[in-house]
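K.L.:
The structure's right below; bear with me while I get my questions together.
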Amino acid sequence: MPEIHDHDIEWLDGKLYGLPSAHKNAILALYKKRPTRREANLSVLQLTKSIAQILGKDSHFYSINIEDKDHRANAKKHARRCIKIAANEHRQGLLKTYNAVVHYMRCYQIIPPKLPDTILTNLKDDTLTELEHAKVRGVLLRTNDESWWKPKLRKLHNRQIETISRMLNLVSKHKGIYASDITVSGFKKQWQSNQQLLEQTIATNEDGFSMSLAELSKLNVSNPAIRFAELMVRLRGFEDYAKEMGYSSVFLTMTTPSKYHRNFAKSGDENPNWNGATPLDGQDYLNRTFQRIRAALKRDNITPFGFRIAEPHHDGTPHWHLIYFIPTEQQQTLVDTFEQYCLEEDGDEHGAKKHRFKVMHMDPKKGSATGYVVKYISKNINGKGIEHDSYGKEAVTSAERIRVWASCWGIRQFQQIGGVGVTQWRELRRLPPQTDQSLDEFEAIRQAADNSDWNEYTSLMGGVFCKRNDQTVRPLYLQKRNRQPAHQQHTNFREAQIEPRDAEHHDPAIAPNTNPEIAESCSTTKIDSKAAPILSNPETCPVTSTEHETTTNEPVSKLASTCIEEESTYQEQQESACSLKRESVSKEYKTNRYGDELMTQLKGLIYLGVEIITRHHEWTLTLTHQPNAVNLESCQ
């Protein structure tokens, strides 16, 4: 069908309203390829329904063109709704309050902050310790903070845009390689905004020393050049360590089955086997497969060490490269195990044996393992030192797009497998030489780190197979009472909503639901803690009305006032069970500023029971265009 029918122009404009130009053009191109007017219109209907499903919106009205101000407004709305939910549920106990808030978050496709299984079990059994109670408390307080919601909503929106772009076949070698142009443009703007904020933010310590966060960020692994150098030092150190042990090296590549790939590399045509999978689905497949491989190797007493590199195919589907160092006699068993599990899913499809798993045995006579892997590290960081990537694209530009891909989907690009900790390595490099004779061994480790000798550092720390708690030097974490964040100023109301009471047993696992109208009702209606899991159909989100039901027109201030009036007696009844006694805290939890009353901060190192402080200063952040300063809790 060469042109759009005159009678369809207005209808088509309505269907494509709210879409970015790139998406509109892609849909119109598909529209014009259909042989008849009827098929063309049906294709648009199907595509817009699919887009609405991805967005979790009604198919009759949605918009993808959301700006930062819209994220701020939505974040404020969600925070207020969570306050309403907690106000409605706090009398029912901590369990039901937690379940109701988690339910609401999942209605909007937001993953709740993860709590350990032990805490969830104790929450159901009403046997939380004081510190565990504080962790659950922190989850609830986060959801009342619009500054917590905003980045979550932005991340979700970015992934929705990229999912739609992949559905429209806009991510490929022939169009937007690794990530769509619209996503790349959005991330560049965000990075520019972040850089401006870093330049405008000044960190000052108690001695009066000041430096902008932009300058400080250039001194650590946030700097691509430093990140690249550190990875190469660690990899080279592993290779030297392996040579001393008589190990050989092997380079492995794992990729996903055909159904995870959107299109073909050569032609860019759509892959008929694609099942709608996103890069996250592909990453989950690789993770699951690797976990099974790792368990099988452990049963065979095979413990290789090395690095894993995750990078995208041209269409954004991830694949993994692994450089392993292993005893030569175990190498074939390792390869056979990888091949077995990599071909377990759809292993009989065309091309599976050729493409799903590849192996290359490193020959020291032809070159080092580090020299071979350097191109994979470079093209995934900054592209320096290489001209073109594997698809013939300019390496620096490709590295930027790969960075967008990793940021959008939250995929970790580099991971050390085995070996000793890099945290201690970085902390040791902050220290001056130690002259105390009782610290001679510690000083030797410090010198190895300062000289960028990962091989010697690994040996002195206990060897590549040394368990974390047995390593010679370990990180020192100190707990401190967190200052009260701005979003906790209404103490009475916040205390009232999260105090624990007797609660019924409930499985907090709830399947996601994406219908906003139902989610709106979730924010104003009591949710039964024993309700069945949410079904995949948005219209079946289970909600139960109760005597505490609150309409959406009831102001938040009224709810807060009610809670404050009732809080005094309520707090007295629960004070002994709920007060957080800092002196009884024994287990370490790494936390951040959102709602947590305790913070665990890295302060230095422990060597044979001796605490060596590497982070002496407390910093204050000041925005150059604002007079107010805020405490810097984690940048030391």
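So that you can map any letter, position 257 of the sequence shown is 257 in the UniProt record's numbering, and since no number is skipped, the others follow by simple counting. Note that the Cβ used here is the ideal one computed from N, Cα and C, for glycine as well. Values in this document were obtained by computation on a predicted structure and should not be read as measured data.
#1: Sorted by chain position, which residues of the same chain lie with C-beta nearer than 6 Å to L47's C-beta, five sequence neighbours on each side aside?
#2: Let me know the secondary structure DSSP gives L128 once reduced to three states.
#3: Which first and last residues belong to the beta strand (DSSP E) in which N205 is found?
#4: Counting C-beta neighbours from all protein chains within 10 Å, is the total for Y17 16 or more, i.e. buried, or is it exposed?
#5: Under the assumption that F305 contacts V464 (Cβ atoms under 8 Å), give the Cβ distance between them as a whole number of angstroms.
#6: Near M360, which residues of its chain fall below 6 Å by C-beta distance, leaving aside the five closest residues on each side in sequence?
#7: Assess contact between the region 311-325 and the region 272-289, defined as three or more Cβ pairs (one per stretch) separated by less than 8 Å. Is contact present?
#8: Do you know offhand how far T328's Cα is from W425's?
#9: Thinking just about the alpha-carbon of each residue, which of Q415, S258 and A229 is nearest to the one in E349?
#10: Can you name the residues that DSSP bridges to P318?
#11: Among residues of its own chain, excluding the 5 on either side of E230, which ones have a beta-carbon nearer than 7 Å to its beta-carbon?
#12: Closest by CA to D207, which one among T624, T622, L623 and E618?
#13: Short of 7 Å in beta carbon distance, which residues of its chain neighbour E443, apart from the five on each side in sequence? Order them along the chain.
#14: To which residues of the same chain is P113 closer than 8 Å at the C-beta, ignoring the five residues directly before and after it?
#15: Which term fits N169, buried or exposed, when burial requires 16 or more other beta carbons within 10 angstroms of its beta carbon?
#16: Please classify Q416: does DSSP put it in a helix, a strand, or coil?
#17: Between which residues of its own chain and P151 is the CB-CB distance below 6 Å, once the five residues before and five after are set aside?
#18: Our contact map puts R401 next to Y178 with C-beta atoms below 8 Å; I'd like the distance itself, whole angstroms only.
#19: What residue range is occupied by the uninterrupted alpha helix (DSSP H) comprising W149?
#20: Can you check whether the CB of V136 is closer than 9 Å to the CB of L115?
#21: Looking at C-beta atoms only, is the number of pairs between the region 370-387 and the region 232-243 that lie closer than 8 Å three or more?
#22: Check whether the region 156-174 touches the region 263-275, counting contact only when three or more Cβ pairs, one atom from each stretch, lie closer than 8 Å.
#23: Go through its chain and collect everything with a Cβ distance to N455's Cβ below 7 Å, but skip five positions before and after it.
#24: Assess contact between the region 4-15 and the region 27-43, defined as three or more Cβ pairs (one per stretch) separated by less than 8 Å. Is contact present?
#25: Helix, strand or coil for N25? Go by DSSP, reduced to three states.
#26: Going by other Cβ atoms of all chains shown within 10 Å of its Cβ, with 16 needed for buried, is T289 buried or exposed?
#27: Going by Cα to Cα distance, which pick from I164, R80 and K69 is closest to K49?
#28: Using only the alpha-carbon positions, how far apart do T303 and I326 sit?
#29: Output needed for R430: all residues of its chain with C-beta closer than 6 Å, excluding positions within five of it in sequence on either side, in chain order.
#30: By Cβ distance, which residues of its chain are closer than 6 Å to Q413, with the 5 residues on each side in sequence left out?
#31: Looking at the structure shown, is D6 part of a helix, part of a strand, or coil, going by DSSP?
#32: Does DSSP put I51 in a helix, in a strand, or in coil?
#33: Where do the N-terminal and C-terminal ends of the alpha helix (DSSP H) with W454 fall, by residue?
#34: So what's V233 in DSSP terms, helix, strand or just coil?
#35: Counting C-beta neighbours from all protein chains within 10 Å, is the total for N301 16 or more, i.e. buried, or is it exposed?
#36: Return yes when the Cβ of A100 is within less than 9 Å of the Cβ of A86, no when it is not.
P.N.:
On the basis of the data shown:
#1: Answer for L47: I27, listed in chain order.
#2: Correct three-state label for L128: coil.
#3: Note, N205: beta strand (DSSP E), T201 to N205.
#4: Exposed, because fewer than 16 other Cβ atoms sit within 10 Å of the Cβ of Y17.
#5: Cβ atoms of F305 and V464 come within 8 Å of each other, at about 5 Å.
#6: Answer for M360: F251, listed in chain order.
#7: Output reads yes: the region 272-289 touches the region 311-325.
#8: Just so you know, the alpha carbons of T328 and W425 end up roughly 29 Å apart.
#9: Ranking Q415, S258 and A229 by Cα distance to E349 puts S258 first.
#10: Residue pairing from DSSP places P318 in a beta bridge opposite P312.
#11: If we look at E230 and ignore the five residues flanking it on each side, its Cβ neighbours are V221.
#12: Comparing Cα-Cα distances from D207 to each of T624, T622, L623 and E618, the minimum goes to E618.
#13: Correct list, in chain order: P433 and Q434.
#14: Beyond the five residues adjoining it in sequence on each side, P113 comes within less than 8 Å, by CB distance, of G138, V139 and R142 in the same chain, given in chain order.
#15: Under this definition N169 is a buried residue.
#16: Shown here, Q416 sits in a strand according to DSSP, grouped into three states.
#17: Here the set comprises nothing.
#18: R401 to Y178, Cβ: 4 Å. Contact.
#19: Taken as a continuous stretch (DSSP letters only), the alpha helix (DSSP H) holding W149 covers E146 to M167.
#20: Yes, the Cβ-Cβ distance between L115 and V136 is below 9 Å.
#21: A contact exists between the region 370-387 and the region 232-243.
#22: They touch, by the three-pair rule.
#23: Closer than 7 Å at the Cβ level, and outside the excluded window around N455, lie G237, D240 and Y241.
#24: Yes, the region 4-15 touches the region 27-43.
#25: In the structure shown, N25 sits in a helix (DSSP, three-state: H, G or I).
#26: In this structure T289 is buried. Its beta-carbon is surrounded by 16 or more other beta-carbon atoms within 10 angstroms.
#27: In this structure, I164 is the residue among I164, R80 and K69 with its C-alpha nearest to the C-alpha of K49.
#28: Taken atom to atom, the span from the alpha-carbon of T303 to that of I326 is near 7 Å.
#29: T614.
#30: Counting only Cβ-Cβ distances below 6 Å, and skipping sequence neighbours, we find A310, N380 and A406.
#31: Of the three classes helix, strand and coil, the one that applies to D6 here is helix, per DSSP.
#32: Helix, per DSSP.
#33: Element bounds for W454: W454 to L460.
#34: Helix at V233.
#35: Flag for N301 reads exposed.
#36: Result yes, Cβ atoms of A86 and A100 sit closer than 9 Å.
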